[in-house]
Structure formats: structure tokens, C-alpha cells
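Participant:
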Amino acid sequence: NQSGIGRGYYSEENFTALTDWMIDEFEKKALKIEKVYYCPHTPEDKCHCRKPATGMIEQALADYPVNLANSWLIGDKQSDIDLALNAEIGNSIYIGNKDITNATYTFNSIPECRVGLPTI
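Per the working numbering, the sequence shown starts with residue 35, numbered consecutively.
(1) Roughly how many whole angstroms lie between the Cα atoms of K80 and A96?
(2) Kindly provide the ranges of any beta strand (DSSP E) runs that are 3 or more residues long and lie completely inside the segment 59 to 138, ordered along the chain.
(3) Output the distance between the C-alpha atoms of I144 and L107, rounded to the nearest integer angstrom.
(4) In the DSSP output, which residue or residues are listed as bridge partners for F49?
(5) Rounded to the nearest angstrom, what separates K63 and A51 at their Cα positions?
(6) In its own chain, which residues sit with a C-beta less than 6 Å from the C-beta of I67, not counting the 5 before and 5 after it?
(7) From H75 to G150, what does the alpha carbon distance come to, in whole angstroms?
(8) What separation, rounded to the nearest whole angstrom, lies between the Cα atoms of C91 and A121?
(9) Give the straight-line distance between the Cα atoms of N142 and K132, rounded to the nearest whole angstrom.
(10) Take the Cβ of D114 as the centre, count every other Cβ of all protein chains shown within 10 Å, and call the residue buried at 16 or more, exposed below.
(11) So is D126 buried or exposed if we call it buried at 16+ other beta carbons inside 10 Å?
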């Protein structure tokens with residue numbers, strides 16, 4: 035969710051510039067991001083792409099042959115974990131210190147996550 039666009043906090047062009055930078059940084063580490071999906075709408079818009087609705091996942095499924103049962107969703111909000119459940123994504127990781135439910139794994143920080151996940 036990028037409701038800051040819909041709320042006028044930043045422009046879609048600003049978001050795209052940041053996203054392009056992020057993709058370049060990942061590529062420097064030999065990690066390829068195929069595509070970024072986002073929802074620019076505010077909660078009041080009640081769109082189908084805003085998490086925990088499954089619209090962005092449906093867009094990705096239309097573009098790529100994704101096996102959701104063997105996929106992972108990583109998030110820092112309950113709505114992220116709820117999206118994993120709504121879309122039937124097999125595994126979820128919550129990173130943060132809020133009281134959330136239904137995540138496969140929960141970690142307080144990314145470094146803790148890196149150490150605590152089992153080898154797959």
C-alpha cells in the first residue's frame with residue numbers, strides 16, 4: 035500500500051524514482067526484482083488492490099506463474115499477514131514488535147529474521 039500517493043504526501047513519480055533506485059540496489063547484489071506492484075489509493079477508496087484485499091496478488095498471478103502455496107509474504111503490518119491468508123500464500127513473516135496474529139514466523143528485526151529462519 036502506498037496511500038501517501040493518494041493522500042498527496044508524495045507523487046507517483048517520486049515513488050517510481052525510489053522504486054527504480056531500490057531495484058538497482060538489489061541488482062547490485064545479484065537479486066532481480068521482476069516487477070513492483072503497489073496500491074496508490076487511500077483506505078477510503080476501498081479498492082480491490084489495497085491490502086489485505088488480493089488485487090495486487092491477482093495482478094502478479096496474471097503476469098507470472100506463481101505457486102502461492104510455496105510462496106512467502108514478508109510484512110510489517112497485520113494487513114500484510116492478512117493478505118497472505120486471504121490470497122492463500124503458504125508462508126508469512128512478520129517483522130516488527132506489534133501484537134499481530136497468524137504469521138508463520140515473527141521477528142522483531144530483519145537481522146533477527148536472518149538468524150532465526152530455518153534453512154529451506
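From the three backbone atoms N, C-alpha and C, an ideal C-beta is built for every residue, glycine too.
Facilitator: Walking through what the data contain:
(1) If you number the sequence shown from 1, residue 80 lands on position 46. If you number the sequence shown from 1, residue 96 lands on position 62. When rounded, the distance between both Cα atoms is 22 Å.
(2) 106 to 109 and 125 to 129
(3) Counting from 1 along the sequence shown, the entry for residue 144 is found at position 110. Counting from 1 along the sequence shown, the entry for residue 107 is found at position 73. Roughly 14 Å separates the two Cα atoms.
(4) What you label residue 49 is simply residue 15 of the sequence shown in a count that begins at 1. According to DSSP, F49 bridges with nothing at all.
(5) Here residue 63 refers to the residue found at position 29 when the sequence shown is read from its first residue. Here residue 51 refers to the residue found at position 17 when the sequence shown is read from its first residue. One C-alpha to the other measures close to 19 Å.
(6) As a first step, residue 67 must be located in the sequence shown, where it is residue number 33. Correct list, in chain order: I57 and F60.
(7) For this step, residue 75 is matched to residue 41 along the sequence shown. For this step, residue 150 is matched to residue 116 along the sequence shown. Answer to the nearest angstrom: the Cα atoms are 35 Å apart.
(8) Position 57 of the sequence shown holds residue 91. Position 87 of the sequence shown holds residue 121. The amino acid at residue 91 is misidentified as Cys; the sequence shows Ile. Cα to Cα, I91 sits roughly 7 Å from A121.
(9) For this step, residue 142 is matched to residue 108 along the sequence shown. For this step, residue 132 is matched to residue 98 along the sequence shown. Approximately 9 Å, taken between the alpha carbons.
(10) Here residue 114 is taken as the residue at index 80 of the sequence shown, counted from 1. Burial call: buried.
(11) Working through the sequence shown from its first residue, we reach residue 126 at position 92. Note that residue 126 is Ser in the sequence shown here, rather than Asp. It is buried - the Cβ of S126 has at least 16 other Cβ atoms within 10 Å.
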